[in-house]
Amino acid sequence: MPIIAFFRENARWIAGGFLLNFFSAFGQTFFISLSAGGIRGEYGLSNGQYGVIYMIATLGSALTLPMLGRIVDHFSVARVTLMIMPVLALACALMAVSTWLPLLLFTIYLLRLFGQGMMTHTAQTAMARWFSGQRGRAVSFTNLGLQGGEAALPFLFVILGGAFGWRNTWFFAACAIVAVGLPAILMLMRVERTPRQTDRPVRHSGARDWTRGEVVRDPVFWMTMLGVLAPGFIATTIFFHQVYLVELRGWSLTVFAGAFVFSSASCVVAALITGQLIDKFSAVDLMPYFLLPMACACAVLAAFSGEWSAFAFMCLLGISNGVAGTLLGALWPEVYGLKHLGGIRSIIIALTVFGTAMGPGITGYLIDFGVYYPFQIAAMGVYCLLATGLMALVRQRIVARNATEPAHGVDPAA
318 MPIIAFFREN
328 ARWIAGGFLL
338 NFFSAFGQTF
348 FISLSAGGIR
358 GEYGLSNGQY
368 GVIYMIATLG
378 SALTLPMLGR
388 IVDHFSVARV
398 TLMIMPVLAL
408 ACALMAVSTW
418 LPLLLFTIYL
428 LRLFGQGMMT
438 HTAQTAMARW
448 FSGQRGRAVS
458 FTNLGLQGGE
468 AALPFLFVIL
478 GGAFGWRNTW
488 FFAACAIVAV
498 GLPAILMLMR
508 VERTPRQTDR
518 PVRHSGARDW
528 TRGEVVRDPV
538 FWMTMLGVLA
548 PGFIATTIFF
558 HQVYLVELRG
568 WSLTVFAGAF
578 VFSSASCVVA
588 ALITGQLIDK
598 FSAVDLMPYF
608 LLPMACACAV
618 LAAFSGEWSA
628 FAFMCLLGIS
638 NGVAGTLLGA
648 LWPEVYGLKH
658 LGGIRSIIIA
668 LTVFGTAMGP
678 GITGYLIDFG
688 VYYPFQIAAM
698 GVYCLLATGL
708 MALVRQRIVA
718 RNATEPAHGV
728 DPAA
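The sequence shown runs 318 to 731 under the numbering used here.
Written out as structure tokens, the structure reads:
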């Protein structure tokens, strides 16, 4: 089916997923970290201290997500949205008024759990369930919502923050969620989509429906996660310390925030291409390659200090986000089936959030201890190269297993 026809026939569901990802930006590190300078200044925190607070809050959200994330298996997307978006708006409002350190910790916990965690989890699970043969396209289109937020919101935050202060900008975010995001998503998602006969994949080999218990006992799962965790860990770490990086390189924060547009533009192109490749081949087939753009992005940021390198890094990071976001959104149904997908994805998202939690805390203390930040970024790039080889081995294991196991096996209790 041509892309234009596909989008026209499925516009409401694609747009709903797009907006879920867009409004998740308020709980993403790239947005929260724009307030890092103000938070550290008002609370008297060092890079390492603020990193630990952020890490604790994010770890708390990671521990909560496997329990909360299962609601996607039991309630409609519209109902789940009605549960999670008001809490995200509340967290934004708390960020605007909080002056107490424990409340700051709780606020970041809510932002991470209901923004980065539940909003993206709901969008990805819905697309995986509602689409089959066109899953790559669906995921690639909806993931552009996060890139749209990444392109628009940092620049808006800098402008509004300069005019009204960073706290009032968080209040504006809360209003936008309640007045714009929530009603729009509820209108678009009130009707669930049923996969159609023409959606059925032709080439993909399907996995049987694994339970959550089986997945956590599967060595292939943990090997896969060693690669899956890398993009979130690296991007979160770099965005969290972006103010420090800008100061270290002598760049302008406004210029760096403006470079997000380049990231989003390259992400759009990469996501759409990756979606087409997934539908033509499979997500499993593309696994060995998804970390290569991130390795290149780290190499550029670590090796060069000219302002141009910020734009080059953002372009490469956008390619990485486009490839990884689309690939990982479509991968898990091919590996573990659909029946328990919400519960399984909640574990995956929780581990991803855990990975993003560790980055700011670890690197923050390494910065405090004098470890050169570009050296840390270079080490992340080397890890991506090593993980690329591991993903090639994982792909072979998955393909062999799907070829020998029945598509529908016994489904023991989780």
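The C-beta atom is built at its ideal place from N, Cα and C for all residues, glycine as well.
CA-to-CA distance, Leu644 to Thr705, given in whole angstroms:
14 Å
What does the Cβ neighbour count give for Cys409, buried or exposed, with the cut at 16 atoms within 10 Å?
buried
Rounded to whole angstroms, what's the CA-CA distance from Cys632 to Ile715? Just pull it up for me.
31 Å
Please report how far the alpha carbon of Leu609 lies from the alpha carbon of Ser622, in whole angstroms.
22 Å
Quick one: give me the first and last residue of the alpha helix (DSSP H) that Ala379 is part of.
Asn364 to Leu385
Return the first residue and the last residue of the alpha helix (DSSP H) that Ala496 is part of.
Element bounds for Ala496: n/a, residue is neither H nor E.
For Leu655, three-class secondary structure by DSSP:
coil
Restricting to runs no shorter than 3 residues, where is the beta strand (DSSP E) found entirely within the segment 624 to 705?
none
Nearest-angstrom Cα distance between Leu648 and Phe607?
12 Å
Let me check understanding here. Comparing Cα to Cα, which of Gly432, Ala620 and Met611 lies closest to Thr398?
Gly432
Taking the CB atoms as reference points, tell me whether Val711 and Met540 lie closer together than 8 Å.
yes
Quick check on Leu361: does DSSP put it in helix, strand or coil?
Just to set this straight, residue 361 is Gly in the shown sequence, not Leu. In the structure shown, Gly361 sits in coil (DSSP, three-state: anything other than H, G, I, E or B).
Quick check: the Cα distance between Arg510 and Leu503, rounded to an integer number of angstroms?
14 Å
Where does Phe323 sit, in a helix, a strand or coil, going by DSSP?
helix
Secondary structure of Ser352, DSSP reduced to three states:
helix
Helix, strand or coil, according to DSSP, for His558 in the structure here?
coil
Give every residue of the same chain whose Cβ lies closer than 8 Å to the Cβ of Cys701, excluding the five residues on either side of it in the sequence, and list them in chain order.
Ala547, Ile551, Leu608, Leu609, Met611, Ala612 and Cys615
For the alpha helix (DSSP H) that contains Phe474, what are its first and last residues?
Arg452 to Phe481
Compare the C-beta of Leu658 with all C-beta atoms of chain B and state if any pair is closer than 8 Å.
Protein chains in the displayed structure number just one, and chain B is not present.
Are the segment 374 to 392 and the segment 586 to 597 in contact at 8 Å, needing three or more beta carbon pairs?
no
Can you give the Cα-Cα distance for Gly465 and Gln366, rounded to whole angstroms?
31 Å
Measuring CA to CA, which of Arg566, Phe573, Gly635 and Ser626 is closest to Tyr690?
Arg566
On a CA-only basis, which of Ala627, Glu531 and Ile665 is nearest Phe577? Give me that one, please.
Ala627
Between Ala667, Gly659 and Ser599, which has its C-alpha nearest Arg454's C-alpha?
Ser599
Starting from Met412, follow the alpha helix (DSSP H) in both directions and report where the run begins and ends.
Val394 to Val414
Just to check my reading of the structure: Gln340 and Gly498 have Cβ atoms closer than 8 Å, yes? What is that Cβ distance to the nearest angstrom?
With the sequence shown as reference, residue 340 is identified as Phe, and Gln is not the correct amino acid for it. Phe340 to Gly498, Cβ: 4 Å. Contact.
For Pro471, count neighbouring C-beta atoms within 10 Å of its own C-beta (all shown protein chains included) and say buried if the count is 16 or more, exposed if not.
buried
Once DSSP output is grouped into helix, strand and coil, what is the label at Arg329?
helix
Identify which residue in Ala620, Phe630 and Ser569 has its Cα closest to the Cα of Ala582.
Phe630
Where does Phe481 land, buried or exposed, given buried means 16+ other C-beta within 10 angstroms?
exposed
Determine the closest residue to His657 out of Thr528, Leu427, Phe692 and Tyr561, with distance taken between C-alpha atoms.
Thr528
Report yes if the C-beta distance between Met604 and Met444 is below 8 Å; otherwise report no.
no
Nearest candidate by alpha-carbon position, reference Phe671, set Ser663, Ile331 and Leu376:
Leu376
Could you tell me the distance, in whole angstroms, from the CA atom of Trp568 to the CA atom of His558?
13 Å
Can you give the Cα-Cα distance for Tyr360 and Leu422, rounded to whole angstroms?
12 Å
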